[in-house]
Amino acid sequence: MVTRSRGLRSKTRYKLKKDLRVSRANLITKKIQTFDESDLVHIIIDPSVQKGQPHPRFHGKTGKIAEKRGRAYIVEINDGNKAKKLIIRPEHLKMQE
């Protein structure tokens, strides 16, 4: 028997699915949005952009911007009782209102 593949996007059929006929699939404004340090952001993965994607377990979490690194941002979140730092591109981030 061949062992089943357990890649990074396994078990994400519904989590990483886009709505049907979104007006613009890849908005340029999502790519060029900027955040300041200590801004609160939601991690909403855009499945059409593979670069800079966090692990799907962090989809829907809220974190705080720690710093900017290149084109990406370092986001601090609490995963259970443990503080974690994620490197995420701005396409996968949304400002908290």
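Note that the numbering used here has the sequence shown beginning at 1362, numbered continuously upward.
Ideal placement from N, C-alpha and C gives every residue a C-beta, glycine not left out.
Note that this is a predicted model, so its numbers are computed, not measured.
My output table needs one value for I1393: the three-state DSSP class, helix, strand or coil.
By 1-based counting over the sequence shown, the position of residue 1393 is 32. I1393 falls in the helix class under three-state DSSP.
Quiz item: My guess is that F1419 and L1447 are in contact by the Cβ rule of under 8 Å, so how many angstroms apart are they, rounded?
Solution: As a position in the sequence shown, residue 1419 is number 58, starting the count at 1. As a position in the sequence shown, residue 1447 is number 86, starting the count at 1. At roughly 6 Å, the Cβ-Cβ gap stays under 8 Å, so F1419 and L1447 are in contact.
Taking its Cβ as the centre, do 16 or more other Cβ atoms sit within 10 Å of H1416, making it buried, or is it exposed? Here residue 1416 refers to the residue found at position 55 of the sequence shown. H1416 comes out exposed.
Check: In terms of DSSP beta bridges, what is I1442 paired with?
Finding: To locate residue 1442, count along the sequence shown from 1; it is residue 81. The sequence as given places Asn at residue 1442; Ile does not occur at that position. The partner list for N1442 (beta bridge, DSSP) is empty, contrary to what the question assumes.
Inset, instruction - Report yes if the CB atom of E1437 is closer than 9 Å to the CB atom of K1429, and no otherwise. - result: Translated into positions along the sequence shown, residue 1437 becomes position 76. Translated into positions along the sequence shown, residue 1429 becomes position 68. Taking the C-beta atoms as reference points, K1429 is found no nearer than 9 Å to E1437.
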